[in-house]
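The structure appears below as structure tokens.
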Amino acid sequence: MTAEILPCPDLTIIGGGLAGVEAAWQAARLRVPVRLYEMKPGKFSPAHRSPLLGELVCSNSLRSADVESAVGLLKEEMRRLDSLVMRAAEATRVPAGKALAVDREAFAAYLTRALEAETLVAIIREEVTALDPECLTVVAAGPLVSDPLARALAALTGQEQLHFYDALAPIVTADSLDMSKIFRASRWGAGEDYLNCPMTEEEYAAFYQALMTAEQVPLRDFEEPRYFEGCLPIEVMAARGYLTLVYGPMKPVGLVDPRTGRQPFAVVQLRPENREGTLYNLVGFQTKLTYRAQERVFRLIPGLEHAEFVRLGAIHRNTFLRSPGLLSEYLNFFRFPRLFLAGQLTGVEGYVESAAMGLLAGLNAARLARGLPLVTPPRVTALGALISHITNTASRDFQPMNVNFGLFPPLPGRVPKRERGRAYAARALAALERWRQEVSVSSTQR
Ligand SMILES: Cc1cc2nc3c(=O)[nH]c(=O)nc-3n(C[C@H](O)[C@H](O)[C@H](O)COP(=O)(O)OP(=O)(O)OC[C@H]3O[C@@H](n4cnc5c(N)ncnc54)[C@H](O)[C@@H]3O)c2cc1C
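So, in structure tokens, the structure goes:
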């Protein structure tokens, strides 16, 4: 069933992914009624499987929990702005060393329940196929936005949408692993959250050879592969050089095999997928090998000889708009001030970044509905740095970006490298607090 949005309701949000749920939550906090359209379960993108809102389509990690890292800081800022996604993540956390990883089912169920319980949010399970820029709308349909809506967006913006590709990592069951070959440890003795499959140099050489000659899913004629550097398929990384994986996802540093007392030549790390520890994903093993090739090659990994794969890797489209020149710092279109963009479509990359852009778009769309001035966080915050990236980067250089300290204004004076994270975080959180006071002062004028 499809829907054209007429007449204009108070606020329409298209897409119930990470950005859409966060946007709806923020709007409801400002007492603005929301119609949240989600096309699942009637229609699924190639990567979505669950009927729940806020589905994580690949890794179950929201990356570093350390507030002195850029993504940890972004999460802390979101917490301070009452992020629903952060509440869900804390409530459904699974052990993952210094990372914030979640039980993906519990996480999505938490988000779905929270919005179902919110009386101001009506969840409508229909695909939206057209846009009326006069209606107050947040488009949060994600990197796998359905084709009719992608066409409607392209027609409105007058720019061709851009494509590139991401790949999913495989997941195995814990009880199919040979634990006599695997050891538990987090890097540098920081706990025991990961399962580590150690490889000797000979084992690595055989694995590398098999990987390099394995069959890949062919791209269709029009599909030019343009991968995001942070999520490269394992075989694309391997093709860069014999040792690239040993310095990348298979790096052994900080890991000692208790059976030999030595650091292995290479290590494949497995991270828990759920709280029960019954499922593990192969960290960094996103791939576009054929299913048959994946089972053959990944079973060469010590401990995975008889692994049961509950999900194999895959390749998918990723769509985003060239936001600089199109979007304002409030995440609405210059040409269509009542139309907002959120999530990965804005040209940020990552779960947390997508949710963060949902938070700001939802906040501003709701403020517009209430007749309040629109707001944007200070540039020295992680939120502000991301906004600056998607609105200020020279358009021809624009590429999706994870949050990182390179996007922040430089720190004043010379700060030793090891103290920079703390300095960025202290400056950002102080600025956010000041800004938050201003925002909540005006937002209480209901
Ligand atoms: C295959 C893949 C793997 C990824 N892996 C990772 C990862 O491991 N880690 C990471 O940090 N980031 C990853 N990303 C990037 C990004 O963080 C996620 O895609 C993230 O889910 C984006 O959030 P979003 O809210 O923008 O979109 P989504 O979470 O995809 O939500 C969009 C929602 O809109 C719905 N929708 C689409 N079109 C319509 C329509 N016309 N009408 C109604 N509803 C519609 C969809 O069903 C979906 O529920 C990955 C992206 C892809 C494509």
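Quick note on numbering: the sequence shown equals residues 87 to 532 in this note's numbering. Note that CB positions come from ideal geometry on N, CA and C, so glycine has one too. Treat the numbers as computed from the prediction; the structure is a model and nothing was measured.
One or two residues paired with residue i in a DSSP bridge
i    : result
S150 : A185
D218 : According to DSSP, which records beta bridges pairwise, D218 is partnered with nothing at all.
F487 : The sequence given here has Met at residue 487, not Phe. DSSP, once it has assigned bridges, lists V434 as partnering M487.
V143 : None, per the DSSP bridge assignment.
F419 : L413
Q302 : L375
D343 : R348
Where the alpha helix (DSSP H) through residue i begins and ends
i    : result
A241 : 233-243
A208 : No alpha helix (DSSP H) contains A208, which is instead part of the beta strand (DSSP E) from 207-210.
I476 : 468-478
M285 : Run containing M285: none in the alpha helix (DSSP H); it sits in the beta strand (DSSP E), 281-285.
L160 : 156-166
E176 : 170-177
G106 : 104-115
Neighbour-count burial assignment, residue i, 16 or more Cβ in a 10 Å radius
i    : result
M265 : exposed
G158 : buried
F193 : buried
M443 : buried
G433 : buried
V339 : exposed
E359 : buried
W521 : buried
W274 : exposed
P459 : exposed
A105 : buried
Q372 : buried
R453 : buried
M298 : exposed
F420 : exposed
Y196 : buried
T98  : buried
G327 : exposed
Beta strand (DSSP E) segment containing residue i, residue limits
i    : result
N367 : 365-368
Y123 : 120-123
M265 : Neither: M265 is in no beta strand (DSSP E) and is coded neither H nor E.
F395 : 395-397
R357 : 352-358
V225 : 223-225
Residue i, DSSP secondary structure in three states
i    : result
A516 : helix
N295 : One point to set straight first is that residue 295 is Gln, not Asn, in the sequence displayed. Here Q295 sits in helix by DSSP.
E321 : helix
Q372 : coil
R135 : coil
Y385 : In the sequence as presented, Tyr is not what sits at residue 385; that position holds Arg. Coil at R385, not helix or strand.
R465 : coil
Q349 : coil
T330 : coil
L427 : strand
V501 : coil
T198 : helix
Any non-hydrogen atom of ligand 1 closer than 7 Å to residue i Cβ
i    : result
S232 : yes
L104 : yes
S474 : no
P219 : no
I209 : no
Y196 : no
N36  : The requested residue 36 is not part of the displayed model; the chain covers only 87 to 532.
Q523 : no
Q430 : yes
V489 : no
Y377 : no
Y123 : yes
P229 : yes
Q392 : The residue asked about is misnamed: residue 392 is His in this sequence, not Gln. Checking the Cβ of H392 against ligand 1 gives no.
L201 : no
S136 : no
L133 : Here residue 133 turns out to be Ala, not Leu, going by the sequence shown. Yes, ligand 1 has a heavy atom inside 7 Å of this Cβ.
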